[in-house]
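The structure appears below as structure tokens.
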Amino acid sequence: MSPLKQHISQILEQVQQMQAQNMDELEALRIKYMSKKGEIASLFSEFRDVAADEKKDLGMQLNELKNAAQERFDQIKEQLTAMREQQDKQDLTRTPDPIELGTRHPLSLVKEKIIDIFGRMGFTVAEGPEIEDDNHVFGLLNFAPEHPARDMQDTFFIDKQKGVQSPDDVLLRTHTSSVQTRVMLSQKPPIRVLCPGRVYRNEAISARAHCFFHQIEGLYIDRNVSFADLRQAMLYFAQEMFGHDTKIRLRPSYFPFTEPSAEMDISCNICGGVGCGFCKHTGWVEILGCGMVDPNVLEACGIDSKQYTGYAFGLGVERIANLKFRVKDLRLFSENDIRFLKQFESA
Ligand code: DAH
Numbered sequence: 415m416s417p418l419k420q421h422i423s424q425i426l427e428q429v430q431q432m433q434a435q436n437m438d439e440l441e442a443l444r445i446k447y448m449s450k451k452g453e454i455a456s457l458f459s460e461f462r463d464v465a466a467d468e469k470k471d472l473g474m475q476l477n478e479l480k481n482a483a484q485e486r487f488d489q490i491k492e493q494l495t496a497m498r499e500q501q502d503k504q505d506l507t508r509t510p511d512p513i514e515l516g517t518r519h520p521l522s523l524v525k526e527k528i529i530d531i532f533g534r535m536g537f538t539v540a541e542g543p544e545i546e547d548d549n550h551v552f553g554l555l556n557f558a559p560e561h562p563a564r565d566m567q568d569t570f571f572i573d574k575q576k577g578v579q580s581p582d583d584v585l586l587r588t589h590t591s592s593v594q595t596r597v598m599l600s601q602k603p604p605i606r607v608l609c610p611g612r613v614y615r616n617e618a619i620s621a622r623a624h625c626f627f628h629q630i631e632g633l634y635i636d637r638n639v640s641f642a643d644l645r646q647a648m649l650y651f652a653q654e655m656f657g658h659d660t661k662i663r664l665r666p667s668y669f670p671f672t673e674p675s676a677e678m679d680i681s682c683n684i685c686g687g688v689g690c691g692f693c694k695h696t697g698w699v700e701i702l703g704c705g706m707v708d709p710n711v712l713e714a715c716g717i718d719s720k721q722y723t724g725y726a727f728g729l730g731v732e733r734i735a736n737l738k739f740r741v742k743d744l745r746l747f748s749e750n751d752i753r754f755l756k757q758f759e760s761a
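Okay, so the sequence shown: first residue is 415 according to our numbering, each after it adds one.
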């Protein structure tokens, strides 16, 4: 094949594939290929020097190229004109498509409801860091040095001295009780705070456990705070949260930072206390831990335990959300599946 013939077919291929998004781009293509100084014109000038016996064939090819370029150019121009007409017809005053509103996360709904209920009893919100040290999470809260909660199996350590346990070990807080210590160290009684937040534990993720979840801690310290005050506050909370027929039951328990300590059950809000699969036919479900702040904790945090007493409680937000919304799989709370989240639009 002669070099000119090859060149013509190359340009033909390019011309057939011309594309333009707007008239300016189309004009640039016209200049490149079809103007007086364009590719096709220069092929025509090369054509003048071609041997006579090749002229007929190459002449025909050149004319075909010229026509193909014009045809593609006209085609693009027509498309662009039609597009512009279409755009001109659009009604710019038309109301836009509705913006889809997001929904409140069920854990936020529950958290805010709890804050609202305790807010009516005078509690304000206090927050603290998720990355904590051993002293604020365990030491000041009367955990013995060898307490199993300090174990690597439960706690995610960020910076830990090997073998020995130190108050400066850095870790992800395993409970929001750490915020209690920060509040006591920085405020004078009377103290009445609610400490919501995320906590972390080294657990395998399943439908019933996660390596992070949410707690709300409550702390009330003043002169003459008694176990009866604790019980009354817990009853008010349970009835505001789960309905006015709800009963509570306090069972003796143990936490290093409270003495006496209790675990609180509410009458099962699913069967009304008669007994069902959810409450394992006992009529009761456990919802939180609580107790009178241990004098050791008060003293460690600089509060005179002879003058002041207090109560504390800690609850899991996911647990309350499960009871309210009957979510069977804990993982749903953190998977961000829109089909799950949308169900709480009107909650
Ligand atoms: N910190 C406890 C936990 O994570 C919950 C708790 C129980 C907090 C009793 C309290 C309390 O303040 O009094 O399991």
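Each residue gets a CB set at the ideal place from its N, CA and C atoms; glycine is no exception. Fair warning: this is a prediction, and the values are worked out from it, not measured in the lab.
8 Å contact criterion, which residue i and residue j should meet: CB distance rounded
| i | j | result |
| --- | --- | --- |
| Val731 | His628 | 4 Å |
| Val597 | Leu633 | 6 Å |
| Tyr725 | Val707 | 7 Å |
| Glu546 | Leu585 | 6 Å |
| Lys756 | Thr517 | 6 Å |
| Met432 | Ile513 | Not quite, the Cβ-Cβ distance comes to about 40 Å (not below 8 Å), so this is no contact. |
Assigned secondary structure, residue i (DSSP; H/G/I helix, E/B strand, else coil)
| i | result |
| --- | --- |
| Ile684 | coil |
| Phe570 | coil |
| Ser719 | coil |
| Gly473 | helix |
| Pro666 | strand |
| Pro512 | coil |
| Met706 | strand |
| Asp548 | helix |
| Ser423 | helix |
| Asp488 | helix |
| Ser592 | helix |
| Ile445 | helix |
| Pro562 | helix |
| Phe833 | Residue coverage of the chain in this structure runs from 415 to 761, which leaves residue 833 outside it and unanswerable. |
| Val711 | helix |
| Glu673 | strand |
| Thr538 | strand |
| Met678 | strand |
| Ala726 | strand |
| Pro417 | helix |
| Glu617 | coil |
| Asp483 | Looking at the sequence shown, residue 483 is not Asp but Ala. Three-state result, Ala483: helix. |
| Glu439 | helix |
| Val597 | helix |
Where the alpha helix (DSSP H) through residue i begins and ends
| i | result |
| --- | --- |
| Ile529 | Pro520 to Gly533 |
| Ile734 | Val731 to Phe739 |
| Asp463 | Segment: none, Asp463 is in no alpha helix (DSSP H) and carries neither H nor E. |
| Ile752 | Ile752 to Leu755 |
| Glu749 | Leu746 to Glu749 |
Enclosing beta strand (DSSP E) for residue i [first to last residue]
| i | result |
| --- | --- |
| Gly697 | Segment: none, Gly697 is in no beta strand (DSSP E) and carries neither H nor E. |
| Pro610 | Ile605 to Tyr614 |
| Leu585 | Val584 to Leu586 |
| Phe627 | Phe626 to Asp636 |
Any non-hydrogen atom of the ligand MN closer than 7 Å to residue i Cβ
| i | result |
| --- | --- |
| Ser591 | Here the bound small molecules are the ligand DAH; the ligand MN is not part of this structure. |
**Study point:** Meets three-Cβ-pair contact criterion under 8 Å: the segment 420-427 and the segment 479-486
**Key:** yes
Point to revise | the segment 513-529 / the segment 713-727 touching (three or more Cβ pairs under 8 Å) | key: no
Check your understanding: Is there contact here, the segment 688-707 with the segment 607-615, by at least three beta-carbon pairs under 8 Å?
Key -> no
Check your understanding: Are the segment 565-585 and the segment 500-512 touching, with three or more C-beta to C-beta distances below 8 Å?
Key -> no
Practice item. Examine the Cβ distances between the segment 747-759 and the segment 679-697 and report whether three or more of them are shorter than 8 Å. Key: no
Check your understanding: Counting Cβ pairs, one atom from each stretch, are 3 or more of them under 8 Å apart for the segment 616-630 and the segment 647-660?
Key -> no
Practice item. Pair every Cβ in the segment 416-423 with every Cβ in the segment 451-463, then say whether three or more of these pairs are closer than 8 Å. Key: yes
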